[in-house]
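Okay, structure first, notes after.
Residue numbers (my numbering): -13 to 164.
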């Protein structure tokens, strides 16, 4: 039997989405507990959030042949998901809310649809840069900012390691102060 056609595969998909949902929900619960000054309970939700996210990662690996998909594949998928959500689902939800007289909720759906489309554009930019080859070098000079310590350097490439905090090149981004 083809694994992807099996009930076990469907169960793993279900478990994956349930763990993702639980992780997001418990994170919101932790925020609320902190607002109410229940710090120990917030900590419990935080720990459980991390556990649930790790369980989701375990199931995600199973869904992908034991490997986590590469970043380039994740970007490509994210572009599609955000475009679909922004162009289709939320627009439809906004129209339904409007027809039912929930103008404020319609506006929320429309606003979040626009945000999702912007997410798609952000993912598209990163995807295109990654596809070009050397992600941490550009043909012209830029200001590169270390996302760990805030150090800013000028150059066509980000440094291999931050000279201030020692974090690797992956912690550098082109800063808008350019």
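Positions of the beta carbon are idealized from the N, C-alpha and C atoms, including for glycine. Note that the structure is predicted; figures quoted are calculated from it, not measured.
Residue 142, DSSP secondary structure in three states
Position 156 of the chain shown, counted from the first residue, corresponds to residue 142. Three-state result, residue 142: strand.
With residue 102 and residue 72 assumed to form a contact (beta carbons below 8 Å), what rounded beta-carbon distance in angstroms separates them?
Working through the chain shown from its first residue, we reach residue 102 at position 116. Working through the chain shown from its first residue, we reach residue 72 at position 86. Confirmed, about 4 Å.
Status (buried if at least 16 other CB within 10 Å, exposed otherwise) for residue 132
Working through the chain shown from its first residue, we reach residue 132 at position 146. Flag for residue 132 reads buried.
Straight-line gap, residue 52 to residue 86 (C-alpha atoms, nearest Å)
Your numbering for residue 52 matches position 66 in the chain shown. Your numbering for residue 86 matches position 100 in the chain shown. Between the C-alpha atoms of residue 52 and residue 86 there is a straight-line separation of about 46 Å.
Span separating the alpha-carbon of residue 6 from that of residue 35
To locate residue 6, count along the chain shown from 1; it is residue 20. To locate residue 35, count along the chain shown from 1; it is residue 49. Approximately 9 Å between the Cα atoms of the pair.
What number of angstroms, rounded off, separates the C-alpha of residue 109 from the C-alpha of residue 61?
The residue labelled residue 109 in the question sits at position 123 within the chain shown. The residue labelled residue 61 in the question sits at position 75 within the chain shown. It is roughly 6 Å from the alpha-carbon of residue 109 to the alpha-carbon of residue 61.
My output table needs one value for residue 164: the three-state DSSP class, helix, strand or coil.
Taking the first residue of the chain shown as 1, we reach residue 164 at position 178. Caution is warranted here: a pLDDT of 42 is assigned to residue 164, below 50, making its placement in the model unreliable, and the coordinate value is therefore given only provisionally. DSSP, reduced to helix, strand and coil, places residue 164 outside both helices and strands of the structure shown, so it counts as coil.
Contact set for residue 126: own chain, Cβ-Cβ below 8 Å, skip 5 residues either direction
As a working mapping, residue 126 is identified with position 140 in the chain shown. Excluding residues within five positions, the ones whose Cβ falls inside 8 Å are 142.
Counting Cβ pairs, one atom from each stretch, are 3 or more of them under 8 Å apart for the stretch 73 to 80 and the stretch 89 to 101?
Touching, yes, given that three or more Cβ pairs across the two stretches are closer than 8 Å.
Residue range of the beta strand (DSSP E) that includes residue 129
As a working mapping, residue 129 is identified with position 143 in the chain shown. The continuous beta strand (DSSP E) containing residue 129 extends over residues 123 to 132.
Contacts around residue 135, its chain only, beta-carbon distance under 8 Å, and the 5 residues preceding and following it disregarded:
Here the question's residue 135 lines up with position 149 in the chain shown. Here the set comprises 148, 150, 151 and 153.
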